[in-house]
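J.: Position 279 of the sequence shown, counting from 1, maps to 283 under the working numbering, and the rest follow consecutively.
Okay, here's the structure, questions in a sec.
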Amino acid sequence: MKLFIKTYGCQMNVRDSEALAGLMTAAGAELVNSEAEADVMIFNTCSVRDQAERKAIGKITFMKKYKKLKPELIIGVIGCMAQHRGQELLEKIEHLDFALGTGQLHRLEEVIEYVRKERKKAAWLEEGSDVLESMGMHSDFQNKRLHTGSIAITRGCNRFCSYCIVPYVRGREFSRQAEDIVAEAEMLAAKGVKEIMLLGQNVAAYGCGGNVNPPPEDESPFGDLLQQIARIDGIKRIRYTSPYPTFFTQKLIDIIAAEPKICRNVHLPVQSGSAEVLARMNRQYTPERYLEIVQRLKSAVGELTFSTDVIVGFPGETDADFACTRDLMNEVGFDHAFIFKYSPRAGAKSALWQDDVPQEVKEERNQILLADLEKRSIAGNLACVGRTLEVMVDGVSARNPARWSGRTSTARTVVFKYKDGMRPGDLIQIPIERAGRVTLFGPGLIGADEEL
Ligand code: SAH
Ligand code: SF4
Ligand code: F3S
5 MKLFIKTYGC QMNVRDSEAL AGLMTAAGAE LVNSEAEADV MIFNTCSVRD QAERKAIGKI
65 TFMKKYKKLK PELIIGVIGC MAQHRGQELL EKIEHLDFAL GTGQLHRLEE VIEYVRKERK
125 KAAWLEEGSD VLESMGMHSD FQNKRLHTGS IAITRGCNRF CSYCIVPYVR GREFSRQAED
185 IVAEAEMLAA KGVKEIMLLG QNVAAYGCGG NVNPPPEDES PFGDLLQQIA RIDGIKRIRY
245 TSPYPTFFTQ KLIDIIAAEP KICRNVHLPV QSGSAEVLAR MNRQYTPERY LEIVQRLKSA
305 VGELTFSTDV IVGFPGETDA DFACTRDLMN EVGFDHAFIF KYSPRAGAKS ALWQDDVPQE
365 VKEERNQILL ADLEKRSIAG NLACVGRTLE VMVDGVSARN PARWSGRTST ARTVVFKYKD
425 GMRPGDLIQI PIERAGRVTL FGPGLIGADE EL
């Protein structure tokens, strides 16, 4: 079977697709990169914003031409949008054969066989926790960066932020067993992986039994897990995304401060800087509490960069609310952030409220935040000039094959000259000579168009 997989959405989806590619190739499938070659096409989808759904639906609709050429072709939609709208999509899109929900992903081979034999459409959308273990421990057949590997440590989400569809499409929050995660990390390390990324909708709530309240200040099951992974020989760096701000207990902060393998970049989604908006979003912190957590991290850990997620144009967001967001972002000094324009999601609570911020205002607020970010990013990069930074080598630069690139622990990208013997995953020291908008440059590189 020639299998084509296209992935939309977050890193959890990327990880799921990689695990499925592993399961399917172990079962004899061959992965192909072009739609024209495929006997089976899988679209792993996202529902978080309307645009994400539209993009995937557009693509799936367009696949009709291949089905006409090859009637035995099987086309399936899996993941979050399949969970959210699988039945409806099967009814609307004639050439779509199956929808496999987020709790059923491990049954991909089975559903393909079912469609092939029965020649019937299938919607397998039950919630289930079996998927948790069967999706772990499978190596990654698509990742080209073989020195990095990701591990899903939790699935689902219990937080129900009022704008968000994830708790409905990913189901309840489950944490995997620490032994299994550590075993998976050891297996990756044995294969040569140097940097591990831990994934979950709220990674810092790992091991808290689905509780939406953080553990006491002197506890952190997530911190304990980080420590166990840091002990593995061969693992040089650990990253994680995304933690919910209130789960940074003092214990977790102390563990990060004491363990240099844990990267000095925290992706800490804030969503808004207005207390009123945060309350309507059902985010369980105030701007003051968020800033206090950032401050505690900064003072305990030392050099640390922060990135975040922000939504502009949430229902009822006033100019004054937006000004608070802008101020908070300035105060933290984010030099990287994902800014999203609010998109009402049927099923989530805020969809019942009027989407009353006009599209132009959302766009304007988006542009203002992007311009602020760019200024801070340039300033942050300039401040690195003259320093020597430790960089993990990623490999040849995407933009310029004559150069190599890598990242600092603080998640800055550095471009440098290749030296004999350099290999992806090595940690090297690079004196920073110049800074661009998104990139730092090592010695001996000339020319203005060197951004990655
Ligand atoms: N679990 C992660 C976020 C997952 S969704 C966390 O809580 O940190 C990624 C981001 O999409 C969110 O942080 C939020 O900023 C954005 N998002 C979610 N729902 C949205 C919506 N309805 N409209 C616009 N952006 C949204
Ligand atoms: Fe969505 Fe909130 Fe859960 Fe993140 S924590 S996935 S934003 S409900
Ligand atoms: Fe999208 Fe599902 Fe991730 S809705 S953001 S792919 S969890």
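Glycine residues also receive a C-beta, built at the ideal position from the N, C-alpha and C atoms.
None of the values given here were measured: they were computed from a predicted structure.
(1) Quick one: any contact between the segment 91-111 and the segment 191-211, if contact means 3 or more CB pairs under 8 angstroms?
(2) Tell me whether F66 counts as near the ligand SAH, meaning its Cβ is closer than 7 angstroms to at least one heavy atom of that ligand.
(3) In chain order, what residues of the same chain have a beta carbon less than 7 angstroms from the beta carbon of M285, not counting five sequence neighbours either side?
(4) Within the chosen definition, does the segment 56-74 reach the segment 18-32 through at least 3 CB pairs nearer than 8 angstroms?
(5) Leaving out the 5 sequence neighbours to the left and right, which residues in its chain are closer than 8 angstroms to A261 when beta-carbon positions are compared?
(6) Could you check whether the Cβ of T270 sits closer than 7 angstroms to any heavy atom belonging to the ligand SAH?
(7) Relative to the ligand SAH, is the shortest distance from any of its heavy atoms to the C-beta of I157 smaller than 7 angstroms?
(8) Is the beta carbon of V400 less than 8 angstroms from the beta carbon of G410?
(9) With distances taken from CA atoms, which of P249, Q363 and S51 is nearest A350?
(10) What are the boundary residues of the beta strand (DSSP E) that includes M45?
(11) Whole angstroms is fine: what's the gap from T329's alpha carbon to R180's?
(12) Nearer than 7 angstroms: is that true of the beta carbon of C14 relative to any heavy atom of the ligand F3S?
(13) I97 bridges to which residues according to DSSP?
(14) Given a threshold of 16 other Cβ atoms within 10 Å of its Cβ, counted over all protein chains shown, does E76 qualify as buried or as exposed?
(15) Going by DSSP, what residues sit across from P435 in a beta bridge?
(16) Any chance the CB of Q205 is under 7 angstroms from a heavy atom of the ligand SF4?
(17) Candidates E394, T417 and I257: which alpha carbon is nearest R462's?
(18) Using DSSP bridges, identify the partner residues of V293.
(19) Find the nearest neighbour of G238 within the set K6, A33 and D430, judged by alpha-carbon distance.
(20) Whole beta strand (DSSP E) runs in the segment 173-219 with 3 or more residues, listed along the chain?
(21) Could you tell me if D325 is buried or exposed, where buried requires 16 or more neighbouring beta carbons within 10 angstroms of its beta carbon?
T.: From the atom records:
(1) They do not touch, by the three-pair rule.
(2) Translated into the one-based positions of the sequence shown, residue 66 becomes position 62. Checking the 7 angstroms criterion, the Cβ of F66 is out of range of every heavy atom belonging to the ligand SAH.
(3) For the purposes of this step, residue 285 is taken as the residue at position 281 of the sequence shown. Cβ contact annotation for M285 (same chain, cutoff 7 angstroms, sequence separation greater than five): C165, S166, Y167, Q275, S276 and F318, in chain order.
(4) The segment 56-74 vs the segment 18-32: no contact.
(5) Residue numbering aside, residue 261 sits at position 257 when the sequence shown is read from its first letter. Only residues of its own chain outside the window of five on either side were considered, and among them A304, V305 and G306 have a CB closer than 8 angstroms to the CB of A261, listed in chain order.
(6) Within the sequence shown, numbered from 1, the residue matching residue 270 stands at position 266. The sequence shown places Val at residue 270, not Thr. Because no heavy atom of the ligand SAH lies under 7 angstroms away, the Cβ of V270 does not count as near it: no.
(7) As a position in the sequence shown, residue 157 is number 153, starting the count at 1. Not under cutoff, so the answer is no.
(8) Taking the first residue of the sequence shown as position 1, residue 400 is located at position 396. Taking the first residue of the sequence shown as position 1, residue 410 is located at position 406. If you check the CB distance, V400 and G410 do not come in under 8 angstroms.
(9) For the purposes of this step, residue 350 is taken as the residue at position 346 of the sequence shown. Shortest Cα-Cα distance from A350 to any of P249, Q363 and S51 involves S51.
(10) The count along the sequence shown starts at 1 and reaches residue 45 at position 41. That run of the beta strand (DSSP E) goes V44 to T49.
(11) Start at 1 with the first residue of the sequence shown, and residue 329 comes out as number 325. Start at 1 with the first residue of the sequence shown, and residue 180 comes out as number 176. Going by the C-alpha atoms only, they are around 35 angstroms apart.
(12) Mapped onto the sequence shown, residue 14 falls at position 10. For C14, the distance from the CB to the nearest heavy atom of the ligand F3S is below 7 angstroms.
(13) Start at 1 with the first residue of the sequence shown, and residue 97 comes out as number 93. None; I97 has no bridge partner.
(14) Working through the sequence shown from its first residue, we reach residue 76 at position 72. It counts as exposed.
(15) Locating residue 435 in the sequence shown gives position 431, where the first residue counts as 1. Per DSSP, T392.
(16) What you label residue 205 is simply residue 201 of the sequence shown in a count that begins at 1. Relative to the ligand SF4, Q205 has its C-beta within less than 7 angstroms of a heavy atom.
(17) Since the first residue of the chain shown is 5 and the last is 456, residue 462 is not available in this structure.
(18) The count along the sequence shown starts at 1 and reaches residue 293 at position 289. The question names Val, but residue 293 is Arg in the sequence shown. Paired residues: none, contrary to the question.
(19) As a first step, residue 238 is located in the sequence shown; it is residue number 234 there, counting from the start. In terms of Cα proximity to G238, the closest of K6, A33 and D430 is D430.
(20) 199-203, all fully within the segment 173-219.
(21) Numbered from its first residue, the sequence shown carries residue 325 at position 321. Within a 10 Å sphere around the beta-carbon of D325 sit 16 or more other beta-carbons, which makes this residue buried.
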